[in-house]
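Colleague: Below you'll find the structure I mean.
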Amino acid sequence: MYAEDHDRFYHNMFIAPTSTPEEITVPQGYILGPLLEDHAECITIQWILDIDFKNVKESSLVPIVMDNITRRPCFGIFTESNPKTPIAWLCVYSGGAVGLLHVKEGHRGRGFARILIRHTLKVIQNTHGMECRVHACVKKGNTASLNLFLSEGWELQPFNNKKIFFRNPGLSQQ
Numbered sequence: 014m015y016a017e018d019h020d021r022f023y024h025n026m027f028i029a030p031t032s033t034p035e036e037i038t039v040p041q042g043y044i045l046g047p048l049l050e051d052h053a054e055c056i057t058i059q060w061i062l063d064i065d066f067k068n069v070k071e072s073s074l075v076p077i078v079m080d081n082i083t084r085r086p087c088f089g090i091f092t093e094s095n096p097k098t099p100i101a102w103l104c105v106y107s108g109g110a111v112g113l114l115h116v117k118e119g120h121r122g123r124g125f126a127r128i129l130i131r132h133t134l135k136v137i138q139n140t141h142g143m144e145c146r147v148h149a150c151v152k153k154g155n156t157a158s159l160n161l162f163l164s165e166g167w168e169l170q171p172f173n174n175k176k177i178f179f180r181n182p183g184l185s186q187q
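In terms of our numbering, the sequence shown opens at residue 14 and continues consecutively.
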């Protein structure tokens, strides 16, 4: 069905490779660290802009972001000069989907998204085992993310949320 009419879906679905990702060093002047509750609002505002939510109030999405940050692995990259504000981030949703991947405009092209994807995948694999199949949904038209996931060995899959989203019960319990 997907191969016949893949344009009717709003997102592309990717499944992570089962191999351990290679380490990448964070460039000098930057720090990789956990996201905190204080970051939820700025991440939510950017999420609304990235996805182009129509008629959705920020207040209805902040609890989703807050739940991800407080219950599952969520990481950001920060500058050493401003270690309280993330310039890039990635969260894990219940069920094992990675999402909310974003790198602020002035910091793109430095490999931050790749660092976040590899680091987050490694943390999940170390916690839940290699059999935990992490997945990502990438908005149609986001060629930078699409190409990044493909270059990292993630496989494009048919979009079937009933098959994919409930494969990782351990992540939804955290």
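Just so it is clear, CB atoms sit at the ideal spot from N, CA and C, and this is done for glycine as well.
Keep in mind the model is a prediction, meaning the values are calculated, not measured.
Output the distance between the C-alpha atoms of F162 and S72, rounded to the nearest integer angstrom.
Modeller: Those two C-alpha atoms are separated by around 30 Å.
Colleague: Just the Cα atoms here: how many angstroms apart are A149 and L114?
Modeller: Straight-line Cα distance between these residues: approximately 10 Å.
Colleague: Does the structure place the stretch 123-142 close enough to the stretch 86-94 that three or more beta carbon pairs sit under 8 Å?
Modeller: Touching, yes.
Colleague: What separation, rounded to the nearest whole angstrom, lies between the Cα atoms of W167 and K97?
Modeller: Going by the C-alpha atoms only, they are around 31 Å apart.
Colleague: According to DSSP, is V75 part of a helix, a strand, or is it coil?
Modeller: Here V75 sits in helix by DSSP.
Colleague: Quick one: what's got a C-beta closer than 7 Å to L134's C-beta in the same chain, skipping five residues either side?
Modeller: Cβ within range, chain order: A29, P34 and V147.
Colleague: With a threshold of 8 Å on Cβ separation, who are the neighbours of I44 within its own chain once the five nearest residues in sequence on each side are excluded?
Modeller: Answer for I44: I90, F91, T92, E93 and P96, listed in chain order.
Colleague: Measure from the alpha carbon of I100 to the alpha carbon of each residue in S164, I56 and V151, then state which is nearest.
Modeller: Ranking the options by Cα distance to I100, first place goes to I56.
Colleague: As a quick exercise: from L48, N160 and E54, pick the residue whose alpha carbon is nearest that of V151.
Modeller: Here the closest residue by C-alpha is N160.
Colleague: Using DSSP with H/G/I as helix, E/B as strand and the rest coil, what is K70?
Modeller: In the structure shown, K70 sits in coil (DSSP, three-state: anything other than H, G, I, E or B).
Colleague: Please determine, among T31, R84, G46 and P76, the residue with the shortest C-alpha to C-alpha distance to I58.
Modeller: That would be P76, whose Cα lies nearest to the Cα of I58.
Colleague: How many angstroms separate the CA atom of T140 from the CA atom of R123?
Modeller: Cα to Cα, the separation comes out at about 28 Å.
Colleague: Using only the alpha-carbon positions, how far apart do H52 and G46 sit?
Modeller: Each residue's Cα considered, the two are about 12 Å apart.
Colleague: Where does M143 land, buried or exposed, given buried means 16+ other C-beta within 10 angstroms?
Modeller: With fewer than 16 Cβ atoms within 10 Å of its Cβ, M143 is classed as exposed.
Colleague: Between the alpha carbons of G232 and Q41, how many angstroms are there, rounded?
Modeller: The structure shown does not extend to residue 232, since the chain is modelled only from 14 to 187, so the question has no answer here.
Colleague: Say the cut is 7 Å; is the CB of P34 nearer than that to a heavy atom of the ligand FMN?
Modeller: Summarising the ligand content, the structure contains no ligands, and the ligand FMN is consequently not present.
Colleague: Indicate whether at least one CB of chain C lies closer than 8 Å to the CB of H115.
Modeller: Chain labels in this structure do not include chain C; a single protein chain is all it has.
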